[in-house]
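Asks: Below you will find the structure I want to go over with you.
Chains as they are written, first to last, in this note's numbering: chain V, 1 to 326; chain P, 1001 to 1326.
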């Protein structure tokens, strides 16, 4: 089985490549070759029992997508995107990459037209939804995004379903929860604090909580996200049916519940490193975000996320901190 | 007020132009000039108290949309589309006109960028929905189209909402019911029979009913459709809010109820002109279509459709038959 990962230099893309290097197979079928792609050159995962090629290009440019699929990968993971904040700040860039780039990839596959029909796993986002929301967003709730990024993802979902229905490829769209705990440095994304208030205190550093403790949000760990991608790569399309875009399972919890879990896992000294500084700008942005889902379909299809925020913290401590808390 | 109608040579576009020529105003504001556009030259409505220009072009070609909006119309009615059957038969043409053409129009408006912010009325369709459905489709039901046409309309809706949110224009998307009774010759659209079994018998001719009488569908008259467009042109955008795409009101009725109304309006001799010849291909297509809606929002916003199928038949008899039944 040959695979292609677009967006392989991103956090989830890197973890996916590393996990596949370790697993060496998807759905029981050995991986023979991997093409890793991003706008900057990705790093081939260490110790992979299969050959890897790394490419850097703008996949929205003419001919770029054709080149990436010239080896006819059996599974294409499409994680490449301009993130929410940048797509909002730079309208044309967001549409060029997130919409035109995605369509260029889908059309490049379609144009091969000799029966080539890869599984395409497309990472969508809960940003396809826009407030006001019901208590828990069900699988049949409409997509009324309130950002250009969410709009572009919702359009990608529609194209994915239509191209799949037409038989051009076999697509599965997965709407990822907010990934928590994000490793790396604190970033300025409005959602950054959900991770910051866990990662920094566990590493002995202070972090700022800019919202009230009763803010609820929808989380899954990076490890769970990689699990979603791999499960989506091998799931039986017939079981999914024509509704190809799935809200992934996750964990709805409040910031207060996050902090309680952090106290159980790390103790009072860790929790004491959280500084409360309300930020009305961030509070307003967060108020428009989905809080909770009832993701029945994806659970029935075998996708699995963490059951408690303690589980999410333990994944972070295992995968990023070598099991140790400062 | 200057207006532009794209798709002005189509049935609804023609009726809209004729009605505006008679009304001479929209929302109380006099119309000063109209640009009528289609792929074939539209006909300027007779007796209009304002000047009209007629243009024929492919609005998806570079520069075409810019030309159409060069007079800075205050209201743009975007009715231009490749219809469902053709968009399904010719994948590339459907996407080129229905998606790229719509986006070219939206981007042409955006690029003017000097505060120009016209009302854009976009005709969408109940084809944005795909079976299975609830008993009545509510305003928050998700769009999972089962045709490329429905996909392209759903994408147009998303773009409309995002471009409106960004302030590039002030858009309202309206999902039209099946228009019944369609004037003109019987056509081969799978939905044609809903109109054929009314129009032909009322004109003294036979018509074929290819499905069972318990098939339910969602209807509005051409006059109601024109009313939706005009109401959408002048409605207060603030009242609509960020969810810019509205399922229009309509009438859910079964074929049996259509025939009963026809009997009341035209008598037994008219109803006797319907020949029953079941067509499994059409039956299968129709089974995937929406049957009934609960269009609360559009009703609350003042959109109005017919209350009974007799009303729909009377509109046809008044507007197309000069009040006379054969």
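Even for Gly, the Cβ is constructed at its ideal location relative to N, Cα and C.
Cβ closer than 7 Å: which chain B residues qualify as neighbours of residue 1154/P?
Replies: In the structure shown, chain B cannot be found, because the protein chains are V and P.
Asks: Do residue 1056/P and residue 1039/P have their C-beta atoms closer together than 8 Å?
Replies: For the purposes of this step, residue 1056/P is identified with residue 56 of the second chain, where counting begins at 1. For the purposes of this step, residue 1039/P is identified with residue 39 of the second chain, where counting begins at 1. Yes, they are a contact pair.
Asks: Closer than 9 Å by beta-carbon distance: list the chain P residues that pair up with residue 140/V, in chain order.
Replies: Working through the first chain from its first residue, we reach residue 140/V at position 140. Those are 1134, 1140, 1141, 1142, 1144, listed as they occur along chain P.
Asks: Which two residues bound the contiguous beta strand (DSSP E) that contains residue 245/V?
Replies: For this step, residue 245/V is matched to residue 245 along the first chain. Residue 245/V -> beta strand (DSSP E) spans 245-247.
Asks: What residue does the alpha helix (DSSP H) around residue 1107/P start on, and which one ends it?
Replies: One-based indexing of the second chain puts residue 1107/P at position 107. Segment 1102-1112, the alpha helix (DSSP H) holding residue 1107/P.
Asks: Below 8 Å on C-beta distance, what does residue 1165/P contact in chain V?
Replies: Here residue 1165/P refers to the residue found at position 165 when the second chain is read from its first residue. The answer, in chain order, is 146.
Asks: Quick one: Cα of residue 315/V to Cα of residue 221/V, how far?
Replies: In the first chain, the residue the question calls residue 315/V occupies position 315. In the first chain, the residue the question calls residue 221/V occupies position 221. Their Cα atoms are separated by approximately 7 Å.
Asks: Hey, is the segment 271-286 of chain V in contact with the segment 171-181 of chain V, meaning 3+ C-beta pairs nearer than 8 Å?
Replies: Result no; under three Cβ-Cβ pairs closer than 8 Å.
Asks: In three-state terms, what does DSSP make of residue 1208/P?
Replies: Here residue 1208/P is taken as the residue at index 208 of the second chain, counted from 1. Looking at residue 1208/P - three-state DSSP - the assignment turns out to be strand.
Asks: Under 8 Å between the Cβ atoms of residue 189/V and residue 273/V?
Replies: On the first chain, residue 189/V is found 189 positions in, with the first residue counted as 1. On the first chain, residue 273/V is found 273 positions in, with the first residue counted as 1. In this structure, residue 273/V does not lie closer than 8 Å to residue 189/V by Cβ.
Asks: Indicate whether residue 172/V and residue 123/V have their beta-carbon atoms separated by less than 8 Å.
Replies: Here residue 172/V refers to the residue found at position 172 of the first chain. Here residue 123/V refers to the residue found at position 123 of the first chain. It is not a contact, given that the beta carbons lie outside the stated cut-off.
Asks: By the 7 Å beta-carbon criterion, what residues does the segment 1246-1275 of chain P contribute toward chain V?
Replies: So nothing in the stretch comes that close.
Asks: If we ignore side chains and look at the alpha-carbon of each, how far apart do residue 1136/P and residue 1301/P end up?
Replies: Here the question's residue 1136/P lines up with position 136 in the second chain. Here the question's residue 1301/P lines up with position 301 in the second chain. Going by the C-alpha atoms only, they are around 19 Å apart.
Asks: Mind checking which residues open and close the alpha helix (DSSP H) that includes residue 1017/P?
Replies: Taking the second chain and counting its residues from 1, one reaches residue 1017/P at position 17. Residue 1017/P -> alpha helix (DSSP H) spans 1011-1023.
Asks: Would you call residue 144/V buried or exposed, if buried means 16 or more other Cβ atoms sit within 10 Å of its Cβ?
Replies: Reading the first chain from its first residue, position 144 is the one you call residue 144/V. Per the 10 Å Cβ criterion, buried.
Asks: Any residues in the segment 1212-1245 of chain P with a beta carbon nearer than 7 Å to a beta carbon of chain V? Which ones, in chain order?
Replies: Within the segment 1212-1245 of chain P, the residues whose Cβ lies closer than 7 Å to some Cβ of chain V are 1242, 1243, listed in chain order.
Asks: Answer yes or no: does any C-beta atom of chain V fall closer than 8 Å to that of residue 1171/P?
Replies: Reading the second chain from its first residue, position 171 is the one you call residue 1171/P. False, the Cβ-Cβ gap to chain V never drops below 8 Å.
Asks: Given that a residue counts as buried once 16 or more other Cβ atoms are within 10 Å of its Cβ, and exposed if not, what is residue 245/V?
Replies: As a working mapping, residue 245/V is identified with position 245 in the first chain. Buried is the call here.
Asks: When you compare the CB positions of residue 151/V and residue 88/V, do they come within less than 8 Å of one another, or not?
Replies: Stepping through the first chain from its first residue, residue 151/V is reached at position 151. Stepping through the first chain from its first residue, residue 88/V is reached at position 88. Not a contact, by the Cβ cut-off of 8 Å.
Asks: Report the rounded CA-to-CA distance for residue 1263/P versus residue 1270/P, giving the unit in angstroms.
Replies: On the second chain, residue 1263/P is found 263 positions in, with the first residue counted as 1. On the second chain, residue 1270/P is found 270 positions in, with the first residue counted as 1. C-alpha separation (whole angstroms): 7 Å.
Asks: Using 10 angstroms around the beta-carbon of residue 13/V, count the other beta-carbons present and answer buried if the total reaches 16, otherwise exposed.
Replies: Against the first chain, residue 13/V aligns to sequence position 13. Its Cβ being crowded by 16 or more others within 10 Å, residue 13/V is buried.
Asks: So, does the CB of residue 1091/P fall closer than 8 Å to a CB anywhere in chain V?
Replies: Taking the second chain and counting its residues from 1, one reaches residue 1091/P at position 91. So yes, residue 1091/P belongs to the interface.
Asks: Between residue 1288/P and the ligand ADP, is there a pair consisting of the residue's CB and a ligand heavy atom that are separated by less than 7 Å?
Replies: The ligand content of the structure shown is nil, which means the ligand ADP is not present either.
Asks: Is the beta carbon of residue 237/V closer than 8 Å to that of residue 170/V?
Replies: Within the first chain, numbered from 1, the residue matching residue 170/V stands at position 170. Within the first chain, numbered from 1, the residue matching residue 237/V stands at position 237. For residue 170/V and residue 237/V, yes; Cβs fall inside 8 Å.
Asks: Is residue 1189/P close to chain V? Criterion is C-beta to C-beta, closer than 8 Å.
Replies: On the second chain, residue 1189/P is found 189 positions in, with the first residue counted as 1. It does not; no Cβ of chain V falls within 8 Å.
Asks: Could you say which of 1291/P, 1252/P, 1320/P lies nearest to residue 1308/P if we only look at CA atoms?
Replies: One-based indexing of the second chain puts residue 1308/P at position 308. Nearest of 1291/P, 1252/P, 1320/P to residue 1308/P, Cα basis: 1252/P.
Asks: Interface residues of chain P around residue 151/V at Cβ under 8 Å?
Replies: In the first chain, the residue the question calls residue 151/V occupies position 151. Residues of chain P passing the Cβ test: 1158, 1159, 1161, 1162.
Asks: Between residue 1130/P and chain V, is the shortest Cβ-Cβ distance under 8 Å, so that the two count as touching?
Replies: One-based indexing of the second chain puts residue 1130/P at position 130. Residue 1130/P counts as touching chain V.
Asks: Measure the C-alpha to C-alpha separation of residue 268/V and residue 209/V and round it to an integer number of angstroms.
Replies: Taking the first residue of the first chain as 1, we reach residue 268/V at position 268. Taking the first residue of the first chain as 1, we reach residue 209/V at position 209. If you take the alpha carbons of residue 268/V and residue 209/V, they lie about 16 Å apart.
Asks: Would you call the CB atoms of residue 1219/P and residue 1289/P closer than 8 Å?
Replies: Locating residue 1219/P in the second chain gives position 219, where the first residue counts as 1. Locating residue 1289/P in the second chain gives position 289, where the first residue counts as 1. No, these two residues do not count as a Cβ contact at 8 Å.
Asks: Starting from the Cα of residue 1320/P, find the closest Cα among 1044/P, 1184/P, 1066/P and give me that residue.
Replies: Along the second chain, read from residue 1 onward, the residue named residue 1320/P stands at position 320. Of 1044/P, 1184/P, 1066/P, the residue nearest in Cα terms is 1184/P.
Asks: Closer than 8 Å by C-beta to residue 286/V: which residues in its own chain qualify, once you throw out the five before and the five after it? Chain order, please.
Replies: By 1-based counting over the first chain, the position of residue 286/V is 286. Cβ neighbours of residue 286/V beyond the five flanking positions: 190, 191, 211, 215, 217.
Asks: Identify every run of the alpha helix (DSSP H) within the segment 236-293 of chain V, keeping only runs that are complete inside it and at least 4 residues long; order them along the chain.
Replies: As far as the segment 236-293 of chain V is concerned, its whole alpha helix (DSSP H) runs of at least 4 residues are 237-240, 255-266, 268-271, 280-287.
Asks: Between the C-alpha atoms of residue 223/V and residue 258/V, what's the straight-line distance to the nearest angstrom?
Replies: Sequence index remark: in the first chain, residue 223/V carries index 223 (1-based). Sequence index remark: in the first chain, residue 258/V carries index 258 (1-based). Approximately 18 Å between the Cα atoms of the pair.
Asks: What's the call for residue 94/V, buried or exposed, on a 16-neighbour Cβ count within 10 Å?
Replies: Residue numbering aside, residue 94/V sits at position 94 when the first chain is read from its first letter. By the 10 Å Cβ count, residue 94/V comes out buried.
Asks: May I ask which residues mark the beginning and end of the alpha helix (DSSP H) holding residue 1299/P?
Replies: Here residue 1299/P is taken as the residue at index 299 of the second chain, counted from 1. It spans 1296-1300 - the alpha helix (DSSP H) in which residue 1299/P sits, taken as one unbroken run.
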